[in-house]
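Undergrad: First the structure, which I've put down as C-alpha cells, then a few questions once you've had a look.
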Amino acid sequence: MRGSRLLLVLVMGCLIGAFFAFDLGHYLSLPQLQARQAELAALVERHFGAAALLFVAVYVVSTALSLPGASLLTLAGSAVFGVVWGLLLVSFASSIGATLAFLSARFLLRDWVERRFGDKLASLQAGMKKEGALYLLSLRLIPIFPFFLVNLLMGLTPIRVSTYYWVSQLGMLPGTFVYVLAGSELANLTSTGNILSPGLMLALTLLGLMPMLLKGLQRRLALHRLHAPYRKPTHYDYNLLVIGAGAGGLVTSYIAAAVKARVALIEKHKMGGDCLNSGCVPSKALIRSARFAAEQRRASELGFGPSQTSADFAAVMERVTRVIKEVEPHDSIERYQGLGVECIEGEAKLVSPWEVEVNGQRLASRHIVLATGARPLVPELPGLDQVPWLTSDSLWQLRSAPRQLLVLGGGPIGCELAQSFALLGVPVTLVELSDQLLPREEREVAELLADQLARDGVRVLTGWRAERADYLPAAEGDLPIRLQLRRGDETQIIEGDQLLLALGRVANVGGFGLEALGVALTPRGTVAVDGFLATNYPSILAVGDVAGPYQLTHAAAHQGWYAAINALFSPFKRFRADYRVMPAAIYTTPEIARVGLNQKEARAQGIPFELTRFELAELDRAIADGERQGFIEVLTVPGKDQILGASIVGTHAGERIAEFVLAMRHRLGLGKILATIHAYPTLMEGNKYLAGEWRRARQPATLLALLTRYHRWRRGA
C-alpha cells in the first residue's frame, strides 16, 4: 500500500512538473484561445471523434491534477464544439476528473487523517454519512468554493464514490452552462473575470444554498405540524423539568441548579433510581461479602489454618440494605433541595411538548429531560407466568439462601450475581444462549471467567436455550422450578427453587405520555435522540438507559451534563454528546474492564492494530497479593503508540483502567505512560510495564547496533 502511494505521488508529481516545465499553461490563455479558435474549429470539423476524445482526456487530466486553466478549457469546449456538444463534453470530463482527484485524495491522505484526527472528526464523518450528498451539492453550486479544494476535502470523508460522481455532475452543471454560453461568444470576451458578474455570483450562491434552505424549511414545517395540536405556554414555571431521579436525572438537575436555572426533579419511586436501590450499590455490597468468602477459602495459601465458615445469608442481605441506607443521603431529596433542585414525589405524565402533569397539577417548562431508566427484561418463555421469578430489582428482598439458584443470562449482571451467590454457599446453575459468557468480550476472557466460575461452584451451561419453565410444588424437599433446555438436538431439564432472570434491560418508555405525543423510538425500543440528546421534539431531551446507547451509570451521568447545558442554552450554544472514550467494568473475580476497542471489535470493523500484552503473573505486587490471574492488553495504531483500546482482566481492573481512559481522552500515547513514575509496588505499575513491552518490541535495531560498536570503541576493544 505504501509503495502504491509513493508511485501515485511520483506520477502526479511528474505530470504537474511537466506542465510547468514546458509552460503548457501558455496554451490555456484567453488570447491564445481566441487566436486559434478558427484553426481548432476546422480541426474539429475534420476529425470530430478524435478531437472530442483528446479534449475530454486533456480536461480529465487537468481536473484530476488540479491544474490551472479549467475555465479556459470550458470556454474552448463550446467555442470549438458548439454549445450542446461543449456542455456535454465538459460536464462529463469535469465530473470524471473531479472524481479522480477525489479518489487520489482518499487514497493518499484519508488513512493518515483518520489516524491523526479521527476522534476530532467523528461527528463530521457521521454527518457526512447521513447528509453528505446535500453538503456536496451545496458546495458544487456555490462558485466561491474552489472545486479543487472540494475534491480534496471530500476525499477525506466517507461519502460513496458513486454519490460523489452524480452529485458533482449535477452540481457543477449550472456553472458549466454559464461558461459554455460565454464560450460561444469567445471573440467578444476580454477577460474570464467578466464571465461571473457580481449579480451572477450572487444568483449561483443562492442556488447553492437552496438545498440547505429547503431542508431547513422542511424541518420547520414538520416541526410546526408536530406542535400544531398543542398550545405553547406564554410563560413557564421552570427552565427545566427532569423526569426520573436516577444517575442521569440527578446530574441533569444538579447542573441546571448550579447555573441558577429553576429546575424540578420528579420521581415516582425512590431517589437514586436503580443504581442506588437495586443495581450498582447493592450488587457491589453483595460482591464484597462474596469476596470475603473467597478469601476464606484461600486461608492456607496466605499462611493461615482452615477458617472456612458458612455465610449467614440473612446477615449478608441485611448488610446490603444497610449499605443502601448509608449511601442514600448522597441522592436524597434533602440534599438536592439544598442544591437548589425542587424535588417532586409523584408520577409524571407528558401532556404537551412543554407541560407535565404530576399529582393533579400541570407544570410548564421550556425544556423537559426524560431520565426514566430501564427495567429487567422478562422473556416470553412458555410457563414463566406460573413461576415466582426474581430479577436484579427484586432479589434483594431474599433473606433465606436458595437451595438451588437458576440464573438465565450470562452477561455482566448474571455472571456477577451467580458468582456471588455461589461463593456464599448457594448451588448455582447459569444458562447462557450464546456459546460463551459475556458475548461482547474476547473468547479468551469469557473462558477465563467460566473456569473461575466453575471453581467457585457455578455450573455453567453455554449454548443452551430455555424452551419452557414449570413450577411444580411437590413434596417437601423437592425443587419446584424446572427449566427445559435445548442445544441442537440435545435437551435437558434443570431444577431449582429460585429463578433469576438476568437477560438485560429494556428502556422505560411506556405509561407517561410518550405514545400520545408521538415521541420517536429506535428499533431497540429506546427514545430516539440526536447528537445533542434531543428527541423529535426539540423541547424534550432524554438521557441514560431510556436513550442509550450505553446502559452504564457513568454514561447516564455523562449525558446529564450535555442535556442540562443543551436544554438551558440552546439555541445560543449546544454541545454534541461525546462518547469517544467510554469505559466499562464487570465486577466478577477476576474483574474485567476495558475502554475503546478490543480485538473482536477491531477485526469486525476492519480497523488495523498492533497488540501489546502484559501478564499480571509478572507483576511484583500481584505476586505478593496472590492475585496473579489476568493480563493487560492494549491495541495501538500500527507503528504508533496511539491507544485504540485497552482491556484489563484481574483484581481491581475497574480502578486500573482509569489511566488508559485518561490517556485516550487526552491523546496521550503509551510513551507518556512509560515516562510517568508509578509507585512501587502497585498494581498500577502493570500499565507502565505494558508500555515498556510496547517500547521493547520496537527498539531501533540499527541504532542499537551502532551503540554496541560505540561502547566497544570506548572500551578500546
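If you read the sequence shown in UniProt numbering, its first letter stands for residue 1, the second for the next number, and so on.
Beta carbons are placed, not taken as given, at the ideal position from N, Cα and C, and that holds for glycine.
1) Can you tell me whether residue 623 is buried or exposed? The criterion is at least 16 other CB atoms within 10 Å of its CB, across all chains shown.
2) Just the C-alpha distance for residue 365 and residue 255, rounded to the nearest angstrom, thanks.
3) Can you tell me the Cα-Cα spacing of residue 628 and residue 650, whole angstroms?
4) Measure from the alpha carbon of residue 607 to the alpha carbon of each residue in 615, 619 and 636, then state which is nearest.
5) Please say whether residue 457 and residue 412 have beta carbons closer to each other than 9 Å?
6) Assuming contact is defined by CB atoms lying nearer than 9 Å, are residue 645 and residue 598 in contact in what I supplied?
7) In terms of residues, what are the limits of the alpha helix (DSSP H) holding residue 452?
8) Here's the rule I'm using: 16 or more other beta-carbon atoms within 10 Å means buried, otherwise exposed. How should residue 344 be labelled?
9) Three or more beta-carbon pairs under 8 Å between the stretch 569-586 and the stretch 544-556, yes or no?
10) Cα separation between residue 539 and residue 367?
11) Once the 5 residues before and after residue 647 are set aside, which same chain residues still bring their CB inside 6 Å of it?
12) Looking at C-alpha atoms only, which residue of 246, 230 and 265 is the closest neighbour of residue 240?
13) Nearest CA to the CA of residue 577: which residue from 587, 631, 560 and 406?
14) List the residues that DSSP assigns as beta-bridge partners of residue 492.
15) Tell me which residue opens and which closes the alpha helix (DSSP H) that residue 687 is part of.
16) Spatial neighbours of residue 304 within its chain, please: CB distance less than 7 Å, with the 5 preceding and 5 following residues excluded, ordered by chain position.
17) Output the residue ranges of the beta strand (DSSP E) runs that lie fully inside the stretch 317-387 and measure 3 residues or longer, sorted by chain position.
18) Here's the rule: buried if 16 or more other CB atoms are within 10 angstroms of the residue's CB, otherwise exposed. What is residue 106?
19) Looking at the secondary structure, which residues open and close the alpha helix (DSSP H) in which residue 625 lies?
20) Under 8 Å: do the stretch 429-439 and the stretch 403-419 share three or more Cβ pairs, one atom per stretch?
21) Can you tell me where the alpha helix (DSSP H) holding residue 291 begins and where it ends?
22) Give the DSSP bridge partners of residue 95, in chain order.
23) From what residue to what residue does the alpha helix (DSSP H) around residue 52 run?
24) Tell me whether the stretch 418-425 and the stretch 510-518 touch, counting them as touching only if at least three CB pairs, one residue from each stretch, are closer than 8 Å.
25) If you draw a straight line from the alpha carbon of residue 371 to that of residue 319, how long is it in whole angstroms?
26) By Cβ distance, which residues of its chain are closer than 8 Å to residue 657, with the 5 residues on each side in sequence left out?
27) Quick check on residue 243: buried or exposed, where buried means 16 or more other Cβ atoms within 10 Å of its Cβ?
28) Quick one: give me the first and last residue of the alpha helix (DSSP H) that residue 710 is part of.
29) So is residue 84 buried or exposed if we call it buried at 16+ other beta carbons inside 10 Å?
30) What are the boundary residues of the beta strand (DSSP E) that includes residue 470?
31) If distances are taken between C-alpha atoms only, which option among 696, 534, 557 and 487 comes closest to residue 613?
32) Can you give the Cα-Cα distance for residue 631 and residue 673, rounded to whole angstroms?
33) Pull up the CB-CB distance for residue 499 and residue 389, whole angstroms please, since I reckon it's below 8 Å.
34) On the DSSP bridge assignment, give the partners of residue 243 in chain order.
35) So what's residue 656 in DSSP terms, helix, strand or just coil?
36) For residue 404, which three-state DSSP category applies?
TA: The structure says:
1) The sequence position of residue 623 within the sequence shown is 623, counting from 1. With a 10 Å radius around the Cβ and a threshold of 16 neighbouring Cβ atoms, residue 623 comes out exposed.
2) Translated into the one-based positions of the sequence shown, residue 365 becomes position 365. Translated into the one-based positions of the sequence shown, residue 255 becomes position 255. In this structure, the alpha-carbon of residue 365 lies about 16 Å from that of residue 255.
3) Along the sequence shown, one-based indexing puts residue 628 at 628. Along the sequence shown, one-based indexing puts residue 650 at 650. Each residue's alpha carbon lies about 8 Å from the other.
4) Mapped onto the sequence shown, residue 607 falls at position 607. When only C-alpha atoms are compared, the closest one is 636.
5) As a working mapping, residue 412 is identified with position 412 in the sequence shown. As a working mapping, residue 457 is identified with position 457 in the sequence shown. It is not a contact, given that the beta carbons lie outside the stated cut-off.
6) Translated into positions along the sequence shown, residue 645 becomes position 645. Translated into positions along the sequence shown, residue 598 becomes position 598. Against a cut-off of 9 Å, the Cβ pair of residue 598 and residue 645 comes out as a contact.
7) Stepping through the sequence shown from its first residue, residue 452 is reached at position 452. Residues 443-456.
8) Against the sequence shown, residue 344 aligns to sequence position 344. Buried, by the Cβ-count rule.
9) With the cut-off at 8 Å, the stretch 569-586 and the stretch 544-556 touch.
10) Reading the sequence shown from its first residue, position 539 is the one you call residue 539. Reading the sequence shown from its first residue, position 367 is the one you call residue 367. Spanning the two alpha carbons is a distance of roughly 5 Å.
11) Sequence index remark: in the sequence shown, residue 647 carries index 647 (1-based). In chain order, 594, 598 and 633 place their CB closer than 6 Å to the CB of residue 647, counting only its own chain and leaving out the 5 sequence neighbours on each side.
12) Locating residue 240 in the sequence shown gives position 240, where the first residue counts as 1. Nearest option by C-alpha distance: 265.
13) What you label residue 577 is simply residue 577 of the sequence shown in a count that begins at 1. For the residues 587, 631, 560 and 406, the minimum Cα distance to residue 577 belongs to 560.
14) Here the question's residue 492 lines up with position 492 in the sequence shown. Residue 492 pairs with 485.
15) Residue mapping note: residue 687 aligns to position 687 of the sequence shown, counting from 1. Under the DSSP assignment, residue 687 falls in the alpha helix (DSSP H) whose first and last residues are 685-696.
16) On the sequence shown, residue 304 is found 304 positions in, with the first residue counted as 1. No residues qualify anywhere along the chain.
17) Every unbroken stretch of the beta strand (DSSP E) spanning 3 or more residues and falling wholly within the stretch 317-387 is given here in chain order: 341-345, 348-352, 355-358, 361-370 and 374-376.
18) Residue numbering aside, residue 106 sits at position 106 when the sequence shown is read from its first letter. Looking at its Cβ environment, which holds 16 or more other Cβ atoms inside 10 Å, residue 106 is buried.
19) Here residue 625 refers to the residue found at position 625 of the sequence shown. It spans 620-625 - the alpha helix (DSSP H) in which residue 625 sits, taken as one unbroken run.
20) Here the stretch 429-439 lies against the stretch 403-419, with 3 or more beta-carbon pairs under 8 Å apart.
21) One-based indexing of the sequence shown puts residue 291 at position 291. Where residue 291 is concerned, the enclosing alpha helix (DSSP H) starts and stops at 280-297.
22) For the purposes of this step, residue 95 is taken as residue 95 along the sequence shown, with counting starting at 1. Beta-bridge annotation (DSSP): residue 95 is not paired with any residue.
23) The residue given as residue 52 occupies position 52 in the sequence shown. For residue 52, the enclosing alpha helix (DSSP H) starts and ends at 48-64.
24) A contact is defined here as three or more CB-CB pairs under 8 Å, and the stretch 418-425 fails this definition with respect to the stretch 510-518.
25) Here residue 371 is taken as the residue at index 371 of the sequence shown, counted from 1. Here residue 319 is taken as the residue at index 319 of the sequence shown, counted from 1. CA-to-CA, the gap between residue 371 and residue 319 works out to about 29 Å.
26) Looking up residue 657 in the sequence shown gives position 657. Counting only residues of its own chain and dropping the five nearest sequence neighbours on each side, residue 657 has a CB closer than 8 Å to the CB of 583, 585, 593, 594, 595, 646 and 648.
27) As a working note, residue 243 is residue 243 in the sequence shown. Only buried fits residue 243, as 16 or more other CB atoms lie within 10 angstroms of its CB.
28) As a first step, residue 710 is located in the sequence shown; it is residue number 710 there, counting from the start. Boundaries of the alpha helix (DSSP H) around residue 710: 701-714.
29) On the sequence shown, residue 84 is found 84 positions in, with the first residue counted as 1. Its Cβ having fewer than 16 others within 10 Å, residue 84 is exposed.
30) Along the sequence shown, one-based indexing puts residue 470 at 470. First-last of the beta strand (DSSP E) with residue 470: 465-471.
31) For this step, residue 613 is matched to residue 613 along the sequence shown. Restricting attention to 696, 534, 557 and 487, the CA atom closest to the CA of residue 613 is found in 696.
32) Translated into the one-based positions of the sequence shown, residue 631 becomes position 631. Translated into the one-based positions of the sequence shown, residue 673 becomes position 673. About 17 Å.
33) As a first step, residue 499 must be located in the sequence shown, where it is residue number 499. As a first step, residue 389 must be located in the sequence shown, where it is residue number 389. Between residue 499 and residue 389, the beta carbon gap of about 5 Å places them in contact (Cβ cut-off 8 Å).
34) If you number the sequence shown from 1, residue 243 lands on position 243. Residue 243 is bridged to 266 and 370.
35) Numbered from its first residue, the sequence shown carries residue 656 at position 656. Residue state, collapsed to three classes: helix.
36) Here residue 404 corresponds to residue number 404 of the sequence shown, with the count starting at 1. Coil at residue 404, not helix or strand.
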